[in-house]
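**Q**
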Amino acid sequence: MTPAEKRAGMSLAAIFALRMLGLFLILPVFAVHAHEIPGGDDLTLVGLAIGAYGLTQAFLQIAYGAASDRFGRKPVIVFGLLLFVIGSAVAALADSIYIVIVGRVLQGAGAISAAVTALAADLTRDQHRTKVMAMIGSSIGLVFAISMVAAPLLYTMVGMSGIFWLTAVLAFLAIGVVVYVVPTVPVIPRAAGGRLVDVLHNGQLMRLNVGVFALHLIQTAMWVLVPAAIVAGGALPLPEHWKVYLPAVLLSFALMVPAVIVAERRGMMKVIFNAAIALLVVVQLGLYAFGDSLLALGLWLTLFFVAFNVLEAVLPSWISKIAPAHARGTALGVYNTLQSVGLFLGGMLGGWIAQNYGPSAVNLACGLLALVWLMVAATMNSPPRRAVAPVAR
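Residue numbers (this note's numbering): 1 to 393.
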């Protein structure tokens, strides 16, 4: 890759990661913290607070992606990050579960995922785009893993309010990265119309969209329950949950990196992709049948992180290979919309199912969803091999 491509990949992955931190940092701690604020005893409201971020994301991703096609990527990204800062401040000042939900809705209104990934595609050549998309996808998995370890410690030091203020500061710093670090955007020809229809009629793209929906629904639904399960299974207080997350995270990355390398270099992306989905099914069944002890929870969480990190690296890479170049922002808007719907429904459904049918029913529902995804993924064509294209200067 050229120095400009490397800088684009690293800076955009950092922006994406900083924004996703606003979602992930609350997952390991909020379900426990919620009991200390008015309205926090209702698991459905707790799930809504966790997933509300995805609600406005779902409504706005396509609009942001299309706006970035028309007005440029950077202005749209900066505007979205400003909204994220405001939402973080509202959540930090909240004195009830209801104000937290408002803050999370405003955070989600900064729906810049499509614009960021489209900008990454604009700034890279075809033969290197997979690497950059994998960097962005891996950054999501990395931030998620770091959040699992850091959130309990941060919660002990600065509380829930402090975590929200931290995410506001990080998002503000991300604006500086957009303005001063991300390379200048080349002029990309845009199509006059019909882009959304083209995306929705592309069966391969829509199968990937189903996948990102399922992955983030499962992820968010699980973390409505995981913190309480660790407390119950091992009598481990919240500030010490890092003792479970840290070994799981480190081991999962040791297993994930070789898998992603094999997927790309040996043309085995579909095989690795399907294997990771199958692992999600195994994890959910394992949590249902053998998830009572702390040791068992550690094992299943490690395997979950392996599957999650592989899929987060492969999904945007695959999308980048087949998304229409003339409407990349719109295509990625649809992709990120389905991701956001998954985030929202995962929190809502996870809390509702647990409230009405018990925690084990959540694992069964997630396992069934992962199985359906596996059957859909099995019908996909393998992604095209990389093609060489001239450098965009």
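Yeah, the Cβ is synthetic: ideal placement off N, Cα and C, and Gly gets one too. The structure presented is a predicted model; accordingly, all values stated were derived computationally and were not measured.
Taking a contact to mean a Cβ-Cβ separation below 9 Å, would you say residue 309 touches residue 360 in this structure?
**A** no
**Q** Measure the CB-CB distance between residue 394 and residue 117 and report whether it falls below 9 Å.
**A** There is no way to answer for residue 394, as the model of the chain reaches only from 1 to 393.
**Q** So is residue 70 buried or exposed if we call it buried at 16+ other beta carbons inside 10 Å?
**A** The residue is exposed, with fewer than 16 neighbouring Cβ atoms inside 10 Å.
**Q** Give the DSSP-derived three-state secondary structure of residue 368 in the structure shown.
**A** Under the three-state reduction of DSSP output, residue 368 falls in the helix class.
**Q** In the DSSP assignment, find the alpha helix (DSSP H) that holds residue 201 and state where it starts and stops.
**A** No alpha helix (DSSP H) holds residue 201; DSSP gives it neither H nor E.
**Q** Buried or exposed for residue 18, please, with buried defined as at least 16 other CB atoms from any protein chain shown within 10 angstroms of its CB.
**A** buried
**Q** Considering only the beta carbon of each residue, do residue 62 and residue 112 sit closer than 9 Å?
**A** no
**Q** Going along the chain, which residues of its own chain have a beta-carbon closer than 7 Å to the beta-carbon of residue 60, five neighbours each way excluded?
**A** 109 and 111
**Q** Return the CA-CA distance between residue 250 and residue 297, expressed in angstroms with no decimal places.
**A** 15 Å
**Q** With H, G and I counted as helix, E and B as strand and the rest as coil, what does DSSP make of residue 223?
**A** coil
**Q** CA-CA distance, residue 13 and residue 283?
**A** 28 Å
**Q** When you compare each of 210, 107, 98 and 96 to residue 82 by their alpha carbons, which one comes out closest?
**A** Minimum Cα distance to residue 82 is reached at 107.
**Q** Could you compute how far the alpha carbon of residue 32 sits from the alpha carbon of residue 356?
**A** 19 Å
**Q** At the level of alpha carbons, what is the spacing between residue 5 and residue 47?
**A** C-alpha separation (whole angstroms): 39 Å.
**Q** Within its chain, find whatever has a CB closer than 8 Å to the CB of residue 281; leave out the 5 residues flanking it on each side and keep chain order.
**A** 367, 370, 371 and 374
**Q** Thinking C-beta only, is residue 101 closer than 9 Å to residue 45?
**A** The answer is yes: Cβ separation under 9 Å.
**Q** Within a Cβ cutoff of 6 Å, which residues of the same chain sit near residue 27, ignoring the five residues on either side of it in sequence?
**A** Excluding positions up to five away in sequence, the list reads 223.
**Q** In whole angstroms, what is the alpha-carbon distance linking residue 231 and residue 290?
**A** 16 Å
**Q** What's the gap between the Cα of residue 376 and the Cα of residue 144?
**A** 26 Å
**Q** So which of 305, 274, 163 and 10 has the shortest CA-CA distance to residue 218?
**A** 305
**Q** Under a three-way DSSP split, which group does residue 124 fall into?
**A** Note: residue 124 maps to coil in three-state DSSP.
**Q** Only counting the same chain, and skipping five residues up and downstream in sequence, which positions put a Cβ closer than 8 Å to that of residue 89?
**A** Excluding sequence neighbours, residue 89 sits near 103, 164, 165 and 168.
**Q** If you count every other CB in all the chains shown that lies within 10 Å of the CB of residue 412, and 16 or more means buried, which is it?
**A** This structure cannot settle anything about residue 412, because the visible part of the chain is limited to 1 through 393.
**Q** Please identify the residue among 114, 119 and 274 whose C-alpha is closest to the C-alpha of residue 7.
**A** 119
**Q** How many whole angstroms separate the CB atoms of residue 29 and residue 151, which I take to be in contact at a CB cut-off of 8 Å?
**A** 5 Å
**Q** Can you give the Cα-Cα distance for residue 54 and residue 68, rounded to whole angstroms?
**A** 20 Å
**Q** Let me check understanding here. Comparing Cα to Cα, which of 140, 39, 51 and 124 lies closest to residue 94?
**A** 39
**Q** Write down every uninterrupted run of the alpha helix (DSSP H) in the segment 275–356 whose length is 4 residues or greater and which is fully enclosed by it, in chain order.
**A** 294–322
**Q** Is it true that the CB of residue 34 sits closer than 9 Å to the CB of residue 97?
**A** Residue 34 is positioned such that its CB atom lies closer than 9 Å to that of residue 97.
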